[in-house]
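To keep things clear, I will list the structure first and then write my remarks on it.
Protein chains: 2
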Amino acid sequence: MDDTEVREGIMRTLEHPATGELSLDAVLAALADPVRRTIVAQLAAGHEDQACLAFDLPVSKSTSTHHFRVLREAGVIRQRRAGTAIRSTLRREDLDAGFPGLLDAVLGSTSDAASDAAPETASAG
Amino acid sequence: MDDTEVREGIMRTLEHPATGELSLDAVLAALADPVRRTIVAQLAAGHEDQACLAFDLPVSKSTSTHHFRVLREAGVIRQRRAGTAIRSTLRREDLDAGFPGLLDAVLGSTSDAASDAAPETASAG
Numbered sequence: 001m002d003d004t005e006v007r008e009g010i011m012r013t014l015e016h017p018a019t020g021e022l023s024l025d026a027v028l029a030a031l032a033d034p035v036r037r038t039i040v041a042q043l044a045a046g047h048e049d050q051a052c053l054a055f056d057l058p059v060s061k062s063t064s065t066h067h068f069r070v071l072r073e074a075g076v077i078r079q080r081r082a083g084t085a086i087r088s089t090l091r092r093e094d095l096d097a098g099f100p101g102l103l104d105a106v107l108g109s110t111s112d113a114a115s116d117a118a119p120e121t122a123s124a125g
Numbered sequence: 126m127d128d129t130e131v132r133e134g135i136m137r138t139l140e141h142p143a144t145g146e147l148s149l150d151a152v153l154a155a156l157a158d159p160v161r162r163t164i165v166a167q168l169a170a171g172h173e174d175q176a177c178l179a180f181d182l183p184v185s186k187s188t189s190t191h192h193f194r195v196l197r198e199a200g201v202i203r204q205r206r207a208g209t210a211i212r213s214t215l216r217r218e219d220l221d222a223g224f225p226g227l228l229d230a231v232l233g234s235t236s237d238a239a240s241d242a243a244p245e246t247a248s249a250g
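So the sequences go chain by chain: A and B.
The opening position of the first sequence corresponds to residue 1 in our numbering, with each subsequent residue numbered one higher.
The opening position of the second sequence corresponds to residue 126 in our numbering, with each subsequent residue numbered one higher.
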């Protein structure tokens with residue numbers, strides 16, 4: 001069990017920026033990625049407090065772990081350990097307080113995110 | 126004169142994404158910088174069609190040129206030559222059509238951008 005925790009490496013310390021200290025730079029950069037917007041959209045749609053692995057993402061586990069970390073460090077999501085899993089929740093209140101309307105505007109535009117995040121299929125550039 | 130144009134290098138081709146082809150990724154990434162948000166805020170505040178040099182930015186000319194280019198390539202601003210100057214306008218309609226509410230949300234949070242963009246003065250981290 002301790003082994004597993006060590007293997008999780010980067011996930012060991014779950015650091016979060018404080019409520020009043022979210023940076024707009026970091027939040028916008030975190031949201032500037034279709035996979036991360038998919039995660040946020042799923043959390044916003046009620047998949048709250050979900051284990052990272054339960055998300056349906058078109059990327060590897062390590063890439064997914066990276067994306068969750070970027071979201072957490074920007075203050076977009078909160079993560080906590082639950083046994084061997086990491087569960088995530090959206091920090092909607094903190095985001096709405098710091099950047100009113102931003103999350104809704106980004107989520108409202110997320111129809112394009114879904115297609116951006118999908119693995120390449122049709123539509124040659 | 127031709128010399129000046131060659132020296133401008135990167136500014137020679139003023140490419141813009143088409144109206145319906147703005148990428149949310151690119152727009153969010155472009156806005157994830159306090160200097161670029163200052164440019165956008167000044168354009169939104171009525172300093173439309175202004176030469177790049179007329180902006181009051183706490184960065185060098187070449188850094189400023191870079192920031193304008195990122196904004197243009199993301200479709201946030203439109204740039205055109207006016208003699209030897211480059212003039213910029215905000216693509217508000219295109220942004221509002223593609224990402225309703227996003228620009229206003231970002232600009233509404235821009236009070237923090239102003240302080241972020243200022244040269245270091247007080248407030249040790």
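For glycine and all other residues, C-beta sits at the position ideal for the given N, C-alpha and C.
For residue 201 of chain B and residue 182 of chain B, I'd like the C-alpha separation in whole angstroms.
Here the alpha carbon of residue 201 of chain B sits roughly 18 Å from the alpha carbon of residue 182 of chain B.
Sequence-distant residues of the same chain with beta carbon closer than 7 Å to residue 155 of chain B, five excluded per side
Same-chain partners within the cutoff: 161, 195, 196, 199 and 201.
Chain-order list of residues whose beta-carbon lies under 6 Å from that of residue 204 of chain B (same chain, five-residue window excluded):
A distance below 6 Å between beta-carbons, with the five flanking residues on each side excluded, links residue 204 of chain B to the following residues of its chain, in chain order: 139, 197, 211 and 213.
Quick one: complete alpha helix (DSSP H) runs, 4+ long, within the stretch 63 to 107 of chain A?
As for any alpha helix (DSSP H) of minimum length 4 sitting wholly inside the stretch 63 to 107 of chain A, the runs are 92 to 98, ordered along the chain.
Residue 46 of chain A to residue 191 of chain B span [Cα, whole Å]:
The alpha-carbon separation between residue 46 of chain A and residue 191 of chain B amounts to approximately 40 Å.
Could you check what DSSP says for residue 45 of chain A in three-state terms: helix, strand or coil?
Collapsing the DSSP output to three states places residue 45 of chain A in coil.
Taking DSSP's pairing of strands, which residues face residue 51 of chain A in a bridge?
A:87.
DSSP three-state assignment for residue 184 of chain B, whether helix, strand or coil
Of the three classes helix, strand and coil, the one that applies to residue 184 of chain B here is coil, per DSSP.
Identity of the residue in B:229, B:219, B:226 and B:227 nearest residue 142 of chain B by Cα:
Cα-wise, what sits closest to residue 142 of chain B is B:219.
For residue 146 of chain B, name the three-state secondary structure that DSSP assigns.
The answer is helix: DSSP assigns residue 146 of chain B an H, G or I state.
Using 8 Å as the threshold, is the C-beta distance between residue 227 of chain B and residue 169 of chain B below it?
Against a cut-off of 8 Å, the Cβ pair of residue 169 of chain B and residue 227 of chain B comes out as no contact.
What residues from chain B crowd round residue 109 of chain A, counting only those whose CB sits closer than 8 Å?
Chain B residues near residue 109 of chain A: 149, 223, 224, 225 and 227.
For the candidate residues A:108, A:96 and A:100, whose alpha-carbon lies nearest to that of residue 223 of chain B?
Ranking the options by Cα distance to residue 223 of chain B, first place goes to A:108.
Taking the alpha-carbon positions, what's the residue 83 of chain A to residue 59 of chain A distance?
Answer to the nearest angstrom: the Cα atoms are 24 Å apart.
Under a three-way DSSP split, which group does residue 156 of chain B fall into?
The answer is helix: DSSP assigns residue 156 of chain B an H, G or I state.
Check whether chain B comes within 8 Å of residue 28 of chain A, counting only Cβ atoms and requiring the distance to be less than that.
Yes - at least one Cβ of chain B is within 8 Å of the one on residue 28 of chain A.
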